[in-house]
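Participant: Chains A and B, in that order, are what the protein sequence lines are.
According to this note's numbering, the stretch in the first sequence is residues 604 to 1122, in order.
According to this note's numbering, the stretch in the second sequence is residues 144 to 751, in order.
Sharing a structure with you now.
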Amino acid sequence: MVVFFVKRLLMSLLVVLVSTLLMYVLVDIAIDPLFDLRTSTSPNREELIARRVAELRLDEPVLVRYLDWLRGASGCLYGQCDLGSNWQSDQPVTALLGGAILTTIQLVTAATVLAIVLGAFVGIVSALRQYSGFDYSITFLSFLLYSLPVFWVAVLAKVFLAINFNNFLGRDSSTLGWLTVVVVSVFVGLTIMAALGGSRTRRLQVFGAAAGITLVLLVYLNLTNWYANPSIGIVIIALSSVGWAYVMTILSTGLRNRKALYSALTVAALGAVLWLPMLYVWQYARSAGILGWPLVLGLFVVALAVAAGVGYAWGGPDRGSSARTAVLTAIPVSMMLFVDRLLQSWQSYNDNIAIRGRPIATIGRVTPNLQGDFWIQTLDVATHLVLPTATLVLISFATYTRYTRASMLEVMNQDYIRTARSKGLTERTVVMRHAFRNALLPLASIVPVDIITLIGGAVITETVFGWFGMGRLFAASLADNVIDPVMAYILIVGILAVLANFVADLVYAVLDPRIRVAA
Amino acid sequence: MRNKRLFGIGAVVASLAMIGTACGAPAADEGDGGNSDQPTSLNLGWNQPFFSYNGDTSDGNATANNNIKYLMNKQFWYVDAEGNIQQDTSFGTYEQTSEDPLTVEYAVNEDMTWSDGVPVDAADLLLWWAAGSGQRNSVSTDDVRRDEATGAADPRENQVFFDTSSPGLELVTDLPELSEDGQGLTLVYDEPFADWQYDMSVSVPAHIVAMRALDIDDPAEAKQALIDAIVNNDEEALAPISQFWNDGFDYTSMPDDEGLALSNGAYVMTEFVENQYMTLEANEDYAGEQGASIDQLTVRWNEDPLAQVQALENGEIDMMSPQVTTDVAQAAEEVPNVAIETGVEGTYEHIDLVLNNGGPFDPESYGGDEETALAVRQAFLAAMPRNEIVERLIQPINAEAEVRNSFLRTQGTPGYDEIVAQNGTSEYAETDPQRAQQLLEEAGVDTPIDVRVMYAADNVRRANTFQLMQPALREAGFNLIDGQNPDWGSKLGDGTYDAVFFGWQSTTPAVSSDQAIFGTGGINNLNGYSNEEVDELFDQLVLTTEESEQVELQVQIEQQLVEDAIGLTIYQFPSANISNETRVTGLEPATLAPTMFYGFWNWEVPEG
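Okay, structure coming up:
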């Protein structure tokens, strides 16, 4: 193991070293730092050129400059990072990187998580209904989305999800037409019917129930003017908490494990009961000035801990699975409580002078000059994240769907699945316990690499939506003929890529006992 | 077991009961979110973020900085929408008191102050003289040690180096005399200089430079120390001053030190978020004319013009002036309530014929026969489809676009019409392949003539220009060889091409810069043109300060240029000022810098 580790580390170092050298030379050939001066009509152009040549040491060989850069960069190993600076703005690259990395992480985190969860879920359902209408539709859809260019999706998203949606909100009555309501209900009914499958009668039942519920929900949203003034409210929180309790129990242990079910239901009830007190807690936190993400995340952790406690208290044949079910239920329930409070500030956000009734934004990370507390600012971040997140999810979700579908299909044909079935285990146990976990194994090697690619590669998304992250830093510096930020980008992405592959290998070995890391 | 089950059901019931009683939820409202006093505000779209408050250094001199400085900084002069230089007498006065030697007296009005309350006075002017004239530099450009890692100018301790240059102030080698009231100074030029009006700049507060560089707390004391240092050429004090002047004002987000973002003009910087936006608010202490008409301006940065158009439609941006293409213009036209003002900007496209590379336009190719080479050049220019290029590529964006016919003056600025009427370009008003053929025939040159044409790769408009030129010139007897090149900028003047088209940019109506393009051996003279008469006229022009005399000389220069057929201008780059007319009116974008930002004192937010 140690030998493997050291060997890999050395190899990785070499890869990074060679790639930086290669890139330094290539970038140096590609850019022309004197570009703007060449077409300058300034009478002292020659002097300006001489000055810049001296400043950037363009008269020295590229390898000498590379070695100098490398000396500064290797300082990072012992805490004296010097990655050079942007000669146009005189900013040290290390300062540039900080902001850019944060921006990119903010941009891609939600999108990555959503894409993985959604993609894995849809892929597995698709595999379980292999060669059904649902499977074919998903296959078609995922290939379609996969092949869409980002900038095009982004422009469309801006037109439909931002400009038109804001216009819709700005109307006197923001309600969906009847035709839309019916079409959406039928569509949802059909999708859920196809996904669940079963006999003809069962399909009809599922279709009726799903379409009916959607119809009622949409009519309810229309009647309460929900789109202009969205809220969740205690009724929906209570009802859906119970729903989540059942869903999580089914996925986690099956309804037969009554203790687990009761744990989940207790958590759901606790959520509903805590709704009102929590509103006071938020208010108190705001006046005490401690309202912020640390508090929110802290409370979330507390909620999960409490849920685990509830599970242990219920006990049952397996305390662990009760606790797990309770924690799984606590995640959506506490999120709903948070979102409910967030949406209570929606009206105030929407009427803010900086928003002027057009909440969904097409550019930037935040609305300039927006005055407001934590809730207003959080809503603002959310309205700016909606479009880029939707765009990134639409495009990257397809890959995960294909991967999970393929690996799920492979797993479902394994001998041990047949064995599990012949033992008389329920289909739920077979799918969730024996197949699902093994089907996720390949993802372990894809996800780390994908995350790195996202950090380095959302150039187009960042440009179109006006976020200045890593991708833009790279592209803009290249366009401005500034080499140092470009090299820092290459260095970081290179290190992360090597690291990601390394992590993927290790994770794989940890998850799958059949694989041994050998030197 | 049973008890626990009952407990569970009980919990559910209890929670449902809570729902029934949940009426007294605390109010979510947290005040009016700043809606109480409705200040007027505008969001402006721009492509590149601000990066230096000192727009006079060689690195900081960029449109991205200068346009914002235009909102914050008053100067003695400004260029109006028509391209005339105007004195801003509400800031100060300047006057030419003698022609020989050229002597100019500057005086700042007494009520002008920086936004920290310190008056603007002679110290600010003297600092710029010290920087721009280079008279106080103790090292030359070549000897400046550069920071090994960053490459930034890094003069050794006790060395003075201001990283800038001003062609005019370099002629003022004598220390300017300060006026007795300390509000102004007098520049005495060693030789006459046509563009002397553009020489004075008040970009950075002298007291801040001296306070930070010399570690002095009192502004008045600091100013005196600065004046003493410059007057006595005190290198020990000037070294840190020059260093601070070079890079102390470089920042890309709101600086902690308020002194680095002072204003002596209409707006003060209040918020600056890196790469996202900058908010400027009306400067309440500003006493001059052309003050803020809108309470709050926010400049938002986005380099994608289409994204800006969509942001305009979504109400996030109220006005913008992107680098406009046909796509952007079409997209903008479809936005409701949009007002588009098309016009021209300071850059102009032109074609150069190379006279010294042994190619088809070089007399050497015909055994030194000037006449033949001239005829070939004239034929090439006569067949150049300039009208078609403008019609097909520029008019879709700017319907009023016309072929530019002057080498020296920008379309729509004073003197342009006068020059065009006399410079002889009417000869090339129509594309005339017959005349071209005839010229070639008379000259006795074998056709087709191969011409290597270089232009910027990855530029659609230039690629299209070439596509239009190729067939038109083939008809006249020229075989154009496509020489598009991504490195065209560094290949300029290397003789590997026979003709090239690209843009020259002008930011002020100053007249002295053109000599570098057309004068013998000029640094921007990329086609080997040399004409003694032109050189002589330029020498005169640089010394001529009277506008009408300047135009007269320029007419003579252009007549020579056209006669020698060294090239032609093609078009002025189109610009479009795109705004939401329900949010802002009273716009008056200018052709030259600061384009969109010109006339901000007349902007209005419509009622309703």
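Just so it is clear, CB atoms sit at the ideal spot from N, CA and C, and this is done for glycine as well.
All figures in this text were calculated on a predicted structure; none of them were measured in a lab.
What residue ranges within the region 496-529 of chain B form continuous alpha helix (DSSP H) runs of no fewer than 4 residues, ordered along the chain?
Facilitator: 513-525
Participant: For T246 of chain B, which residues in the same chain have their Cβ closer than 8 Å to its Cβ, ignoring the five residues on either side in sequence?
Facilitator: As a working mapping, residue 246 of chain B is identified with position 103 in the second sequence. Short of 8 Å from the beta carbon of T246 of chain B, and not among the five residues preceding or following it, lie these beta carbons of its own chain, in chain order: Q239, T240, T329, L330, V331, Y332.
Participant: Does the beta carbon of R535 of chain B sit closer than 8 Å to a beta carbon anywhere in chain A?
Facilitator: Here residue 535 of chain B corresponds to residue number 392 of the second sequence, with the count starting at 1. By this cut-off, R535 of chain B is not an interface position.
Participant: Nearest by alpha-carbon distance to G226 of chain B: which of B:A653, B:E379, B:D400, B:E531 is it?
Facilitator: Within the second sequence, the letter at position 83 stands for residue 226 of chain B. Selected option, being the one with the closest Cα: B:A653.
Participant: Given A615 of chain B, which residues of its chain have a CB within under 8 Å of its CB, disregarding the five upstream and five downstream residues?
Facilitator: Mapped onto the second sequence, residue 615 of chain B falls at position 472. These residues qualify, in order along the chain: A526, M527, P528, E531, T574, P576.
Participant: Please work out which residues of its chain come closer than 6 Å, Cβ to Cβ, to W631 of chain B, disregarding the five sequence neighbours upstream and downstream, and give them in chain order.
Facilitator: If you number the second sequence from 1, residue 631 of chain B lands on position 488. For W631 of chain B, where only same-chain residues beyond five positions count, the Cβ hits under 6 Å are M597, A599.
Participant: Going along the region 619-635 of chain B in order, which residues come within less than 7 Å of chain A, judged by CB to CB distance?
Facilitator: D630, G632, S633, L635
Participant: Does the CB of N445 of chain B have a neighbour CB from chain A at under 8 Å?
Facilitator: The count along the second sequence starts at 1 and reaches residue 445 of chain B at position 302. Yes - at least one Cβ of chain A is within 8 Å of the one on N445 of chain B.
Participant: Please give me, in chain order, every unbroken run of the alpha helix (DSSP H) with length at least 4 that falls completely inside the region 386-472 of chain B.
Facilitator: 448-456
Participant: Closest to L1076 of chain A by C-alpha separation, out of A:I839, A:S834, A:G701, A:L629, would be which residue?
Facilitator: On the first sequence, position 473 is the one that residue 1076 of chain A refers to. Selected option, being the one with the closest Cα: A:G701.
Participant: If we define contact as Cβ-Cβ less than 8 Å, is I966 of chain A a contact residue for chain B?
Facilitator: Taking the first residue of the first sequence as 1, we reach residue 966 of chain A at position 363. Cβ-Cβ to chain B under 8 Å: yes for I966 of chain A.
Participant: Which runs of the alpha helix (DSSP H) at least 4 residues long sit entirely within the region 628-696 of chain A? Give them in chain order.
Facilitator: 638-641, 648-659, 665-677
Participant: Under 8 Å by Cβ, that's how I've got I624 of chain B and R595 of chain B pegged, so tell me the actual separation to the nearest angstrom.
Facilitator: Taking the second sequence and counting its residues from 1, one reaches residue 624 of chain B at position 481. Taking the second sequence and counting its residues from 1, one reaches residue 595 of chain B at position 452. Right, their Cβ atoms sit about 5 Å apart.
Participant: What are the boundary residues of the beta strand (DSSP E) that includes L945 of chain A?
Facilitator: As a working mapping, residue 945 of chain A is identified with position 342 in the first sequence. Segment 922-947 is the alpha helix (DSSP H) holding L945 of chain A; no beta strand (DSSP E) there.
Participant: I need the boundaries of the alpha helix (DSSP H) containing T742 of chain A, first residue and last residue.
Facilitator: The sequence position of residue 742 of chain A within the first sequence is 139, counting from 1. Membership of T742 of chain A in the alpha helix (DSSP H) is indicated by the continuous run 736-749.
Participant: Give the residues from the region 322-334 of chain B that approach chain A closer than 9 Å (Cβ to any Cβ), ordered along the chain.
Facilitator: Of all residues in the region 322-334 of chain B, none has a Cβ within less than 9 Å of some Cβ in chain A.
Participant: Is there at least one Cβ from chain B nearer than 8 Å to A1122 of chain A's Cβ?
Facilitator: Here residue 1122 of chain A is taken as the residue at index 519 of the first sequence, counted from 1. Residue confidence for A1122 of chain A is low, a pLDDT of 46 falling below 50, so the modelled location carries little weight; the figure read from the coordinates is stated next. Not one chain B Cβ lies under 8 Å of A1122 of chain A.
Participant: Do the CB positions of S855 of chain A and T742 of chain A come within less than 8 Å of each other?
Facilitator: Numbered from its first residue, the first sequence carries residue 855 of chain A at position 252. Numbered from its first residue, the first sequence carries residue 742 of chain A at position 139. No, the pair does not count as a contact, with Cβ atoms beyond the cut-off.
Participant: With distances taken from CA atoms, which of B:Y237, B:T712, B:N426, B:Q693 is nearest V546 of chain B?
Facilitator: Position 403 of the second sequence, counting from 1, holds the residue named residue 546 of chain B. Cα-wise, what sits closest to V546 of chain B is B:T712.
Participant: Taking only beta-carbon positions, decide if Y714 of chain B is within less than 8 Å of chain A.
Facilitator: For the purposes of this step, residue 714 of chain B is taken as the residue at position 571 of the second sequence. Cβ-Cβ to chain A under 8 Å: no for Y714 of chain B.
Participant: According to DSSP, which residues form a beta bridge with Q229 of chain B?
Facilitator: Locating residue 229 of chain B in the second sequence gives position 86, where the first residue counts as 1. Looking at the DSSP assignment, Q229 of chain B forms a beta bridge with B:Y221.
Participant: What residue range is occupied by the uninterrupted beta strand (DSSP E) comprising R595 of chain B?
Facilitator: The residue you call residue 595 of chain B lines up with position 452 of the second sequence. 592-599 is the extent of the beta strand (DSSP E) around R595 of chain B.
Participant: Would you kindly check if the distance between the Cβ of N389 of chain B and the Cβ of F305 of chain B is under 8 Å?
Facilitator: Locating residue 305 of chain B in the second sequence gives position 162, where the first residue counts as 1. Locating residue 389 of chain B in the second sequence gives position 246, where the first residue counts as 1. At the C-beta level, F305 of chain B and N389 of chain B come within 8 Å of one another.
Participant: Let me see if you follow: with CB-CB separation under 8 Å, is D635 of chain A close to chain B or not?
Facilitator: Position 32 of the first sequence, counted from the start, is the residue given in the question as residue 635 of chain A. Interface residue, yes.
Participant: Buried or exposed for F763 of chain A, going by 16 or more other Cβ atoms inside 10 Å?
Facilitator: One-based indexing of the first sequence puts residue 763 of chain A at position 160. When all chains shown are included, F763 of chain A counts as exposed.
Participant: Assuming D944 of chain A and W847 of chain A are in contact, meaning their beta carbons sit under 8 Å apart, how far apart are those beta carbons, in whole angstroms?
Facilitator: Taking the first residue of the first sequence as position 1, residue 944 of chain A is located at position 341. Taking the first residue of the first sequence as position 1, residue 847 of chain A is located at position 244. First, the residue type needs correcting, since residue 944 of chain A is Arg and not Asp in the sequence shown. Rounded, the Cβ-Cβ distance is 18 Å, inconsistent with contact.
Participant: Using three-state DSSP, classify V899 of chain A as helix, strand or coil.
Facilitator: Here residue 899 of chain A corresponds to residue number 296 of the first sequence, with the count starting at 1. Reduced to three states, the DSSP call for V899 of chain A is helix.
Participant: Measure from the C-beta of D231 of chain B to each C-beta in chain A and report whether the shortest distance is under 8 Å.
Facilitator: The sequence position of residue 231 of chain B within the second sequence is 88, counting from 1. Output row for D231 of chain B: interface = no.
Participant: Would a C-beta distance cut-off of 8 Å place V251 of chain B and G327 of chain B closer than the cut-off?
Facilitator: Numbered from 1 along the second sequence, position 108 holds the residue referred to as residue 251 of chain B. Numbered from 1 along the second sequence, position 184 holds the residue referred to as residue 327 of chain B. Going by C-beta atoms, V251 of chain B is nearer than 8 Å to G327 of chain B.
Participant: Among A:D693, A:G967, A:I1020, A:V870, which residue has its Cα nearest to the Cα of K761 of chain A?
Facilitator: As a position in the first sequence, residue 761 of chain A is number 158, starting the count at 1. Of the candidates A:D693, A:G967, A:I1020, A:V870, the one whose C-alpha sits nearest the C-alpha of K761 of chain A is A:G967.
Participant: At which residues does the beta strand (DSSP E) containing S569 of chain B begin and terminate?
Facilitator: Within the second sequence, the letter at position 426 stands for residue 569 of chain B. Going by DSSP, S569 of chain B is part of no beta strand (DSSP E) at all; its letter is neither H nor E.
Participant: Which class does L321 of chain B belong to by DSSP, given the choice of helix, strand or coil?
Facilitator: Residue 321 of chain B sits at position 178 when you count from the first residue of the second sequence. Reduced to three states, the DSSP call for L321 of chain B is strand.
Participant: Could you confirm whether any beta carbon from chain A is found closer than 8 Å to the beta carbon of Q554 of chain B?
Facilitator: Within the second sequence, residue 554 of chain B is the residue found at index 411, counting from 1. No, Q554 of chain B does not count as interfacial toward chain A.
Participant: 8 Å is my cut-off, CB to CB: does T852 of chain A come that close to chain B?
Facilitator: Position 249 of the first sequence holds residue 852 of chain A. Proximity of T852 of chain A to chain B, defined by a Cβ-Cβ separation below 8 Å, is not satisfied.
Participant: Which class does T256 of chain B belong to by DSSP, given the choice of helix, strand or coil?
Facilitator: Taking the first residue of the second sequence as 1, we reach residue 256 of chain B at position 113. Strand.
Participant: Is D709 of chain A close to chain B, meaning its C-beta is less than 8 Å from at least one C-beta of that chain?
Facilitator: Here residue 709 of chain A refers to the residue found at position 106 of the first sequence. Reading off the sequence, residue 709 of chain A comes out as Gln, not Asp. No, because no Cβ of chain B sits closer than 8 Å to the Cβ of Q709 of chain A.
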